[in-house]
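Per this note's numbering: the sequence shown = residues 6 to 581. Below is one structure, written out as structure tokens; comments come after it.
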Amino acid sequence: MTTSEPTVTGNTVYDVVIVGGGPVGLLLAYQLKRFGISVCVLEQHRKETQDAYGRAIALFPRTLELLDQLGLLDPMLQLGFACRNSVTYKNGEQIIPGRVWAFMENIKDTSFDFTLVLRQMYTESILRDKLQSVGAVYHQGVECIDFDCDEAISVDGHSVTSTFVNRATEETFQFKSKYIIGADGGRSFVRRHAGIAFEGDTSEDKWIRIDGIVETDMPITRAYGAIESETHGNVLWAPLDHGATRIGYAYSPAIAAKYPDGVTQEVVVQEAIESMKPFRVEFKEIHWWTLYTIGQRIAKTFSSRGRIFLCGDAAHTHSSGAAQGLNTGIHDAVNLAWKLALQIQGTARPEVLQTYASERASAVQKLIEYDKDIALLMSYKWPAWYKGDAQADPHLVLGEIFDRTASFNTGLGISYSENILNQKQRDDICSVIPGSRPPDVKVTVPGTNQGIRLQDITPNQATFWVLIFTGSNNLKIQGLMQELQRFLDTTSELISCKAIRWLTIITGAGCSPYEALERRPFGDAYFDADNVAHDSLGIQLEEGAGVILRPDGMVGTTCGIRGDTIHQYLSSILYL
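Right under this line is the structure:
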């Protein structure tokens, strides 16, 4: 990873230039380089002075799955705090069952049945190390001041010219690239320079977050907590990495009126102590604090002119009430990277890359719609739509919203509408709907009979995975397998295409995939010893099925064991 000051004598031509070296920009660059794409990341801040403990902290299960498929999760698990429990207090008494964060105790259908709490400073450090391991280019202390897209140049050409200034030397220099990506935060220069509107509004509500080492007499401390306060809103208590804790509360006008000289660290600490009453809290160390204004905004489009893309806070901002900011940005980065890589490689049809904006904007819009309500209720206010008893407890409604949106908060229930990537075939062949995440199931390795997650054998390699689920070894299944083989013998591109991988999942257990099938499997083979995978996906043993996974692990389509249907789907996406 190059971190020296860039000069015009260095390499200035790349497939992709990424503006912004936060976690979203770093993750994008890591993936693209891993997929064989030349990429450069430019960060305007110097990390030794800009890095702080705080900012984003929570990584939810679907985010963990995505990071795991990219080989990024292990060092994060080593440093982070795996939180599986929640607690709610009101007037010093524990409320059972809990509210708000209680969904964390009921996470099902994933190996990552917890929220990983890891402060952004550590997440970024790990991502920078991973970026270095793949040899990507990274410059810091440089700011983007201009870029232009020459649309007369084909999309395969280096049509983007971007200009940067080294803030230490004031030297300017230019890069040529095929694409430019704005991952440069809520005040994104890329978004503003591209003329993309940032729609939404900013409220009058302000929140405070403070991290540190604390002592308290609150009974349960290493659980995600909600302390229901009439003066400080729904107070956040979050156990952090390295034994630290975050406290977050609403900084209401009534509280602000107590401090006409403004907010200082002493003020933040004092009100944190007040927000936790009747519990005693004492700060032993203070690592970081912030005061910020709540608002929800979304870019009118996440892409422009086919060469400019926005990710993370550059594309959308919202409150930290549901702790979705970093998770949403990571989902953006994963969704975009493989599509962009296949486009640059000339493998995918242009419509594939176009789905980035529509898929991610639809998911973010859902988040923003309920984030508005969450932000108000956490500030101990009622949303405009509420027509009930004004004297009622807003915390009750807040808990109901979190229960209703649990699958979205964990990310496990996020799905995308039907499009070129998500194609519905027969209704009864499989219970998993295209555009959604498949169940997290285990199969077994031939010989050792060791269990392995299906997601571990289908990593994100910018490839589509064709999974052939065999059924019971009857004449019908054997015939379908033979027909598929004959089709592949005459349609070799389904085997030779580097963007397509095959796996066979064999029902039952056996000593040899060949003998179990009475033929060679398609790609590597694994056993579904107890038919758990078949049952979880709703695949009938008498029929078998084909399940095609997108590179990000989402289901692209399901079909019978038919070569023509598989070919039809993949040829609509890839140049075969």
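Each residue gets a CB set at the ideal place from its N, CA and C atoms; glycine is no exception. All values reported here derive from a predicted model rather than from experimental measurement.
Nearest to residue i by alpha carbon, out of the options?
i	options	result
residue 316	498, 195, 35 and 484	195
residue 368	198, 48 and 416	416
residue 438	555, 157, 347 and 375	555
residue 302	85, 203, 282 and 284	203
residue 92	181, 22, 131 and 231	231
residue 62	267, 252 and 157	252
residue 140	84, 111, 116 and 37	37
residue 188	26, 159 and 522	26
residue 461	420, 558 and 146	558
residue 535	544, 552 and 514	514
residue 384	291, 212 and 177	212
residue 328	106, 568, 82 and 264	106
residue 151	133, 124, 179 and 126	179
residue 197	411, 389, 496 and 24	24
residue 582	215, 170, 465 and 119	An answer regarding residue 582 cannot be provided, because it is not within the stretch 6 to 581 covered by the chain.
residue 68	200, 247, 336 and 550	336
residue 233	241, 395 and 246	241
residue 80	133, 284 and 299	133
If you draw a straight line from the alpha carbon of residue i to that of residue j, how long is it in whole angstroms?
i	j	result
residue 191	residue 272	27 Å
residue 13	residue 338	Note that residue 13 scores 43 on pLDDT, short of 50, meaning its location in the model is unreliable; the coordinates nonetheless yield the value given after this. Their Cα atoms are separated by approximately 29 Å.
residue 74	residue 276	42 Å
residue 154	residue 360	21 Å
residue 352	residue 580	6 Å
residue 52	residue 524	56 Å
residue 503	residue 468	7 Å
residue 377	residue 33	28 Å
residue 174	residue 372	42 Å
residue 66	residue 413	11 Å
residue 39	residue 493	29 Å
residue 8	residue 446	The pLDDT assigned to residue 8 is 49, lower than 50, so where the model puts this residue is not dependable; a value taken from the coordinates is nonetheless given after this. If you take the alpha carbons of residue 8 and residue 446, they lie about 41 Å apart.
residue 11	residue 144	Any reading at residue 11 must be qualified, since the residue scores a pLDDT of 47, below 50, and its modelled position is unreliable; the value itself is stated next. Roughly 7 Å separates the two Cα atoms.
residue 433	residue 97	52 Å
residue 4	residue 516	Beyond the ends of the chain as shown, which are 6 and 581, falls residue 4; an answer cannot be given.
residue 408	residue 544	30 Å
residue 341	residue 260	43 Å
residue 386	residue 255	11 Å
Can you name the start and end residues of the alpha helix (DSSP H) that residue i belongs to?
i	result
residue 380	355-383
residue 292	Looking at the DSSP string, residue 292 is not in any alpha helix (DSSP H); the run it does join, the beta strand (DSSP E), is 286-304.
residue 175	Note, residue 175: premise wrong, no alpha helix (DSSP H); not H, not E.
residue 196	194-198
residue 280	270-280
residue 260	258-261
residue 38	28-39
Hey, quick one: how far does the beta strand (DSSP E) through residue i stretch, first residue to last?
i	result
residue 83	Premise fails: residue 83 lies in the alpha helix (DSSP H), 78-84, not in any beta strand (DSSP E).
residue 244	239-244
residue 335	Per DSSP, residue 335 belongs to no beta strand (DSSP E); it is in the alpha helix (DSSP H), 330-349.
residue 250	250-255
residue 408	Run containing residue 408: none in the beta strand (DSSP E); it sits in the alpha helix (DSSP H), 399-409.
residue 208	203-221
residue 315	313-315
Strictly by DSSP, which residues pair up with residue i?
i	result
residue 324	None, per the DSSP bridge assignment.
residue 167	152 and 180
residue 48	145
residue 551	473 and 564
residue 229	91
residue 22	45 and 185
residue 456	449
residue 63	122
residue 99	94
residue 4	What the structure shows of the chain is the stretch from 6 to 581, and residue 4 is not part of that stretch, so it cannot be assessed.
residue 309	313
Any beta carbon from chain B within less than 8 Å of residue i's own beta carbon?
i	result
residue 504	Reference to chain B is not applicable here, since this structure consists of a single protein chain.
Whole beta strand (DSSP E) runs in the region 483-524 with 3 or more residues, listed along the chain? 505-512
Within the region 118-165, ranges of the beta strand (DSSP E) (whole runs, at least 3 residues): 120-122, 142-145 and 147-154
Segments assigned alpha helix (DSSP H), at least 4 residues, entirely inside the region 522-547: 537-541
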